[in-house]
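Asks: The opening position of the sequence shown corresponds to residue 1 in this note's numbering, with each subsequent residue numbered one higher.
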Amino acid sequence: MEVGNFGFVIAGLIVGFIVGMTGVGGGSLMTPILLWFGINPATAVGTDLLYAAITKSGGVLVHSKNKNIDWTITGWLTLGSVPAVLLTLWFLASLHTDPSAMNAVIKQALGVVLLLTALAILFKKSLLAFAQRHAGDGYHMNPRNLNGLTVVTGVVLGTMVALTSIGAGALGTVALFILYPFLATRRLVGTEIAHAVPLTLVAGLGHAGMGNMDWHLLGFLLMGSLPGIYIGSHMTGKIPDGVLRPCLALMLMVIGYKLVF
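(1) Judging by CA-CA distance, which residue of M223, C247, D214, S225 is the nearest neighbour of I39?
(2) Give the single residue among Y257, M253, L259 whose Cα lies nearest to the Cα of A118.
(3) Between P83, I106, T47, which has its C-alpha nearest V260's C-alpha?
(4) DSSP three-state call for I10: helix, strand or coil?
(5) Are the Cβ atoms of G206 and L34 separated by less than 8 Å?
(6) If you compare alpha carbons, which of G228, G219, Y230 is closest to T47?
(7) Between F91 and G167, what straight-line distance do the alpha-carbon atoms span, to the nearest angstrom?
(8) Please say whether V60 and I193 have beta carbons closer to each other than 8 Å?
(9) Could you give the C-beta distance for T150 and L77, rounded to a whole number, given that I count them as a contact under 8 Å?
(10) The alpha helix (DSSP H) spanning Y180 covers which residue range?
(11) Apply the 10 Å Cβ neighbour rule to P246 and answer buried if 16 or more other Cβ atoms are within range, or exposed otherwise.
(12) Hey, would you say G80 sits closer than 8 Å to V155, going by beta carbons?
(13) Does DSSP classify L95 as helix, strand or coil?
(14) With a threshold of 6 Å on Cβ separation, who are the neighbours of N5 within its own chain once the five nearest residues in sequence on each side are excluded?
(15) For G148, which of I69, L171, S225, L179 has the nearest alpha-carbon?
(16) Where do the N-terminal and C-terminal ends of the alpha helix (DSSP H) with K56 fall, by residue?
(17) Curious, which full-length alpha helix (DSSP H) runs of at least 4 residues does the stretch 101-176 contain?
(18) Can L95 and A101 be called in contact, C-beta distance under 8 Å?
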């Protein structure tokens, strides 16, 4: 195996380990790492999207077996996210004749979403505590409005994910918790993962159709990430969450800042 390819396996192992241990950091770490390796931004996003779809599919099977998925919420999210993905892909395809313009749009969007993801990771506990604390304060939204807001959330997530491959995890979980504060955490996580699979799959296949895909790279990333996720999942709780999350958030802030500015 060439040294460069070995580096991709190690990158997959590290990202998989962090995802398995914390449940966050997949796309928000993998895409910047691929950029650091010199991978074209559009190719990095397209490859990471299919990488996410494959790695999260196993999670859907487990969560579905344990009845941790609210398929109604997943459906409303998908109703907004998939059309948003298709529209965003159409927009990117219109820039495809000018690769530099498309890469500039992707890099700027990536930087902004990384900064938002860092804030979501850093203040996740505070946001969740606030949502739970005020869930009973006249929080009686009628089902039609709640479904509408869920679709809008799907639209926002779909646009971000198609542009950057990031957003379905940390941002999606926080958005769901604010909309559904009484939903059990295990079902919230399962629902988010169930929505992320069709979202990243459609976006990834769309990027692949535009040529924004490196299948060999995808294979090497999976070689590292699948055992990494397995090992990381057995390390959950070994390192305090109060240490991991600030470090991860700080790293994403630095990367996001450099991409935007």
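In this text, a Cβ means the ideal position worked out from N, Cα and C, and glycines have one as well.
Replies: Per the coordinate set shown:
(1) Taking the sequence shown and counting its residues from 1, the one referred to as residue 39 is at position 39. The candidate whose alpha carbon is nearest that of I39 is D214.
(2) For the purposes of this step, residue 118 is taken as residue 118 along the sequence shown, with counting starting at 1. Minimum Cα distance to A118 is reached at M253.
(3) Your numbering for residue 260 matches position 260 in the sequence shown. The candidate whose alpha carbon is nearest that of V260 is I106.
(4) Mapped onto the sequence shown, residue 10 falls at position 10. Helix, per DSSP.
(5) In the sequence shown, residue 206 corresponds to position 206, counting from 1. In the sequence shown, residue 34 corresponds to position 34, counting from 1. Against a cut-off of 8 Å, the Cβ pair of L34 and G206 comes out as no contact.
(6) Working through the sequence shown from its first residue, we reach residue 47 at position 47. Comparing Cα positions, the closest option is G219.
(7) Start at 1 with the first residue of the sequence shown, and residue 91 comes out as number 91. Start at 1 with the first residue of the sequence shown, and residue 167 comes out as number 167. Each residue's alpha carbon lies about 19 Å from the other.
(8) On the sequence shown, position 193 is the one that residue 193 refers to. On the sequence shown, position 60 is the one that residue 60 refers to. The answer is yes: Cβ separation under 8 Å.
(9) Looking up residue 150 in the sequence shown gives position 150. Looking up residue 77 in the sequence shown gives position 77. Sure, about 6 Å apart at Cβ, within 8 Å.
(10) As a working note, residue 180 is residue 180 in the sequence shown. Where Y180 is concerned, there is no enclosing alpha helix (DSSP H), given that its DSSP letter is neither H nor E.
(11) For the purposes of this step, residue 246 is taken as residue 246 along the sequence shown, with counting starting at 1. Label assigned to P246: exposed.
(12) For the purposes of this step, residue 80 is taken as the residue at position 80 of the sequence shown. For the purposes of this step, residue 155 is taken as the residue at position 155 of the sequence shown. Cβ atoms of G80 and V155: closer than 8 Å.
(13) Counting from one through the sequence shown, the residue named residue 95 turns up at place 95. Here L95 sits in coil by DSSP.
(14) Here residue 5 refers to the residue found at position 5 when the sequence shown is read from its first residue. These residues qualify, in order along the chain: F220.
(15) Numbered from its first residue, the sequence shown carries residue 148 at position 148. Checking every option, the nearest Cα to that of G148 belongs to L179.
(16) In the sequence shown, residue 56 corresponds to position 56, counting from 1. Where K56 is concerned, the enclosing alpha helix (DSSP H) stretches over 41-65.
(17) 124-133, 143-164
(18) Here residue 95 is taken as the residue at index 95 of the sequence shown, counted from 1. Here residue 101 is taken as the residue at index 101 of the sequence shown, counted from 1. In contact: L95 and A101 (Cβ atoms closer than 8 Å).
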